[in-house]
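Below: one structure, written as structure tokens.
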Amino acid sequence: MIFAIGAILGGLALCAAAFPRAGSRAEQLFRFAAGALLGLGISGALSMALRLAGLPAPWKDRALVVAGAAVLVAVRGRGLRLEAGVVRACSDRILAAAAAAAALLVFALFVEHTVRYPDGGWDARAIWNLHARALHRAPLRLDLAFSPEMPEAHPDYPLLVPALVADAFGVAGEDSYASGSIALAFAALLVAVVGTSAAASLGPAAGCAAALLVLGFPALLQLGATQCADVPLAALLAAACALAVHSGGRRGSLLLAGLAASLCALTKNEGLVWAAALWIAVSTAMRGRAALAMLLGGLPGFVLLLVFKLRFAPPNAFAAHTTVAGLWARVSDFHRFAAVASGLVAQSWNFASWGLAGPAVAVAAAWPLRLSSGRFEAARILRRALVLCTASLFAIYVAAPPDVDALLPVSADRLLFQLSGAAVLLATTSCFAPRR
Amino acid sequence: MRAARWVVLVLCAAGLLRDISLHLWKEHPLRASSERVRPDTRYRWVPPLLPAEVEKVSFLTDSEPGSERTAGRLYDARYALCPRIVAANDTWRFAVAEAGKPSALESIARARGYSLVASHGAVALFERR
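Residue numbers (the numbering used here), protein chains in the order written: chain D, 896 to 1331; chain R, 14 to 142.
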């Protein structure tokens, strides 16, 4: 219990300190959702840091509870409270009821799947929960957890999710539903962050529509219930994007956006690429101080990642197998370009992963923007970030050593899902924001 | 706005129907619930038989190299024997093996120069002869 309270209180305290009072109920809810998500991420990052330093992790939760409560008291919960005289906005009752019913259905299917497969799917057992078990069972034998003799376990992947799961194993035991509960929390917070962010900037109807679109991706249940780290990464990236576009140039919000971006980089290797893309988008769309604030917010996380990569992790398998000649042969192969392009398009229109919501979001996100000036900057940041992410995705597949026809079908849906929350934010802005 | 509302509802409903069809029909959850065992159950008897100083264990199987089945068996063995390193080779003094049929375990051991220490079902622990 103290594990969950510590994680949530820590994140809520940051949001309370970073923001002024909320101007609407949706804004207030967004801060609660983003705060809870950041809290989970911070708890995982702290646990990762303590474990890499060979220090015991359990006192971390008590420290988070005490520090979070102290900050909340000191700022009197400022950013989590409503301004005086805020009236309740009218909501579209049909959309709100549909969003609640869809969330309930996905929740029920998620729980049922987790009860049947408490250890998650292949990826979870081969990578994430395997690392979590190693951290839990032999916390001082990191050499075993990061052994290059098990390359399929991706020992170079950062440890935010495994450290969080290892903490939960420490509290509830390995035979519990600890890893499934953390996967469920991240999936729920992805929906909540995207929905409340859209509601805060575009109104309650847009918020319900955004939540429905995320719930309408079959990949949410597939990747979430199988306990892949792609769902936490999608949630953290969506939170980073939302905090950046909600900032309005405010330093506190941009610091938190940088923090969320660094947590992306601590979740999976590609999270660093998405964080860089968002930082470039913010730097070019807003003034230099905004970029600096974001960088400062992410600094502790990026330093932790650097220490992990330089001191503990073996070389990345793709990088280790890449030679200059091989790389040149791949990037100069026109057929490979065509195969990657057609494969990515085919994967993004795959009904099994995306239903009908995925293609609709892709079209809406790519639609030319004709928005009022107030919303244009937000849409521009999101669009630039997503364009850079998509270009990076393309480059990764072109440069990656294995056969692209074999690699794309088993991995593209995950990478695209990591961008899905941000894409829904852009799509709802494109559809619901006032026109010029 | 009203049109946008119905479009969103249809888009979401398509995905939810896919979730339901996959979950309730294609995966047969109710039937599978009684058959399902946790992936490490088959290996739970192995760690007490391994000396405490053994950190690396080989993994052997009779399924086709590179197949999904081979990968699945290897991942389950790693998950169960964690934090020990379980490598898909025959380099180490001790090896765990999983075969399609229990009768195949002896021949796997002999072919790789191991002798059988103990077996439960289709999973065995070998030691180098």
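Backbone N, C-alpha and C define an ideal beta-carbon position, used for all residues, glycine too.
Given a threshold of 16 other Cβ atoms within 10 Å of its Cβ, counted over all protein chains shown, does residue i qualify as buried or as exposed?
{"i": "Lys955 of chain D", "result": "buried"}
{"i": "Trp1249 of chain D", "result": "buried"}
{"i": "Leu1314 of chain D", "result": "buried"}
{"i": "Ile897 of chain D", "result": "exposed"}
{"i": "Thr1162 of chain D", "result": "buried"}
{"i": "Leu1143 of chain D", "result": "The displayed chain sequence assigns Gly, not Leu, to residue 1143 of chain D. Exposed, by the Cβ-count rule."}
{"i": "Cys985 of chain D", "result": "exposed"}
{"i": "Gly89 of chain R", "result": "The residue asked about is misnamed: residue 89 of chain R is Asp in this sequence, not Gly. Asp89 of chain R should be labelled buried."}
{"i": "Asp32 of chain R", "result": "buried"}
{"i": "Ser942 of chain D", "result": "buried"}
{"i": "Leu1118 of chain D", "result": "buried"}
{"i": "Trp1174 of chain D", "result": "buried"}
{"i": "Glu1165 of chain D", "result": "buried"}
{"i": "Pro1210 of chain D", "result": "exposed"}
{"i": "Thr1218 of chain D", "result": "exposed"}
{"i": "Trp1023 of chain D", "result": "buried"}
{"i": "Gly1221 of chain D", "result": "exposed"}
{"i": "Thr54 of chain R", "result": "exposed"}
{"i": "Val982 of chain D", "result": "exposed"}
Is the separation between the beta-carbon of residue i and that of residue j shorter than 8 Å?
{"i": "Leu907 of chain D", "j": "Gly934 of chain D", "result": "yes"}
{"i": "Arg1279 of chain D", "j": "Ala1160 of chain D", "result": "no"}
{"i": "Leu1264 of chain D", "j": "Ser1325 of chain D", "result": "yes"}
{"i": "Ala1137 of chain D", "j": "Phe925 of chain D", "result": "yes"}
{"i": "Ala1087 of chain D", "j": "Ala1093 of chain D", "result": "no"}
{"i": "Leu1201 of chain D", "j": "Gly1153 of chain D", "result": "no"}
{"i": "Val1140 of chain D", "j": "Leu1277 of chain D", "result": "yes"}
{"i": "Leu1149 of chain D", "j": "Met1189 of chain D", "result": "yes"}
{"i": "Gly1090 of chain D", "j": "Gly28 of chain R", "result": "no"}
{"i": "Ala1114 of chain D", "j": "Pro96 of chain R", "result": "no"}
{"i": "Trp105 of chain R", "j": "Ser71 of chain R", "result": "yes"}
{"i": "Cys1103 of chain D", "j": "Leu932 of chain D", "result": "no"}
{"i": "Gly918 of chain D", "j": "Leu1085 of chain D", "result": "no"}
{"i": "Ala1082 of chain D", "j": "Phe1197 of chain D", "result": "no"}
{"i": "Leu959 of chain D", "j": "Gly901 of chain D", "result": "yes"}
{"i": "Ala1170 of chain D", "j": "Ser1157 of chain D", "result": "yes"}
{"i": "Ser76 of chain R", "j": "Arg86 of chain R", "result": "yes"}
{"i": "Ala135 of chain R", "j": "Glu111 of chain R", "result": "yes"}
{"i": "Gly1147 of chain D", "j": "Ala965 of chain D", "result": "no"}
{"i": "Val1288 of chain D", "j": "Gln1242 of chain D", "result": "Going by the sequence as given, residue 1288 of chain D is Leu instead of Val. No, the Cβ-Cβ distance between Leu1288 of chain D and Gln1242 of chain D is not below 8 Å."}
{"i": "Phe139 of chain R", "j": "Ala117 of chain R", "result": "no"}
{"i": "Leu73 of chain R", "j": "Ala108 of chain R", "result": "yes"}
{"i": "Ala1252 of chain D", "j": "Leu1108 of chain D", "result": "yes"}
From the DSSP output, which residues share a beta bridge with residue i?
{"i": "Ser1148 of chain D", "result": "The partner list for Ser1148 of chain D (beta bridge, DSSP) is empty, contrary to what the question assumes."}
{"i": "Ile98 of chain R", "result": "R:Lys69"}
{"i": "Arg141 of chain R", "result": "R:Tyr127"}
{"i": "Ala917 of chain D", "result": "D:Leu977"}
{"i": "Ser132 of chain R", "result": "R:Ala137"}
{"i": "Val1086 of chain D", "result": "According to DSSP, which records beta bridges pairwise, Val1086 of chain D is partnered with nothing at all."}
{"i": "Phe107 of chain R", "result": "R:Glu140"}
{"i": "Thr74 of chain R", "result": "R:Glu111"}
Just the chain R side, please: which residues come within less than 8 Å of residue i by C-beta, in chain order?
{"i": "Val1001 of chain D", "result": "Leu29 and Asp32"}
{"i": "Pro1102 of chain D", "result": "Here the sequence assigns Gly to residue 1102 of chain D, which means Pro is not the residue at that position. Within 8 Å Cβ-Cβ: nothing; Gly1102 of chain D doesn't reach chain R, min ~11 Å."}
{"i": "Trp1017 of chain D", "result": "Ala84, Gly85 and Tyr88"}
{"i": "Arg1028 of chain D", "result": "Tyr92, Cys95 and Pro96"}
{"i": "Ala997 of chain D", "result": "Cys25 and Leu29"}
{"i": "Leu1107 of chain D", "result": "Val21, Leu22, Leu24 and Cys25"}
{"i": "Ala1033 of chain D", "result": "Pro96"}
For residue i, return the contacting residues in chain R, with the cut-off set at a CB-CB distance below 7 Å.
{"i": "Phe1112 of chain D", "result": "Gly28"}
{"i": "Arg860 of chain D", "result": "No answer is possible for residue 860 of chain D: the residues shown for chain D start at 896 and end at 1331."}
{"i": "Leu1025 of chain D", "result": "Arg91, Tyr92 and Cys95"}
{"i": "Ala1021 of chain D", "result": "Tyr88"}
{"i": "Leu1004 of chain D", "result": "Asp32 and His36"}
Residue i touches chain D at which residues, Cβ-Cβ below 7 Å?
{"i": "Ile98 of chain R", "result": "Leu1039, Ser1042, Glu1044 and Met1045"}
{"i": "Glu68 of chain R", "result": "Leu1039"}
{"i": "Ala110 of chain R", "result": "The contacting residues do not exist; Ala110 of chain R stays about 17 Å from chain D at best."}
List, in order along the chain, the chain R residues whose C-beta lies closer than 9 Å to that of residue i?
{"i": "Asp1014 of chain D", "result": "Arg51, Pro52, Asp53 and Tyr92"}
{"i": "Gly1250 of chain D", "result": "Leu24, Cys25, Ala26, Ala27, Gly28, Leu29, Leu30, Arg31 and Asp32"}
{"i": "Ala1082 of chain D", "result": "Under the 9 Å cutoff, chain R gives no residues; its nearest Cβ is about 12 Å from Ala1082 of chain D."}
For residue i, which residues in chain D fall below 9 Å Cβ to Cβ?
{"i": "Glu140 of chain R", "result": "Those within 9 Å of Glu140 of chain R in chain D number zero; the least Cβ separation is about 20 Å."}
Using a C-beta to C-beta distance shorter than 8 Å, which residues of chain D count as neighbours of residue i?
{"i": "Glu77 of chain R", "result": "Neighbours of Glu77 of chain R on chain D: none; closest Cβ ~16 Å, over 8 Å."}
{"i": "Val59 of chain R", "result": "Those within 8 Å of Val59 of chain R in chain D number zero; the least Cβ separation is about 14 Å."}
Item to complete: Name, going along the chain, the residues of the stretch 23-38 of chain R whose beta-carbon falls closer than 9 Å to a beta-carbon of chain D.
Response: Val23, Leu24, Cys25, Ala26, Ala27, Gly28, Leu29, Leu30, Arg31, Asp32, Ile33, Leu35, His36 and Leu37
Discussion item. Any C-beta of chain R within less than 9 Å: which residues of the stretch 961-995 of chain D qualify?
Written reply: Asp987, Ile989, Leu990, Ala993 and Ala994
Fill in: Members of the stretch 112-129 of chain R that neighbour chain D once the beta carbon cut-off is set at 9 Å
none
Fill in: Residues from the stretch 1115-1148 of chain D in contact with chain R, defined by Cβ distance under 7 Å
Leu1116
Worksheet entry | Contacting positions in the stretch 1301-1318 of chain D - beta carbon closer than 7 Å to chain R | none
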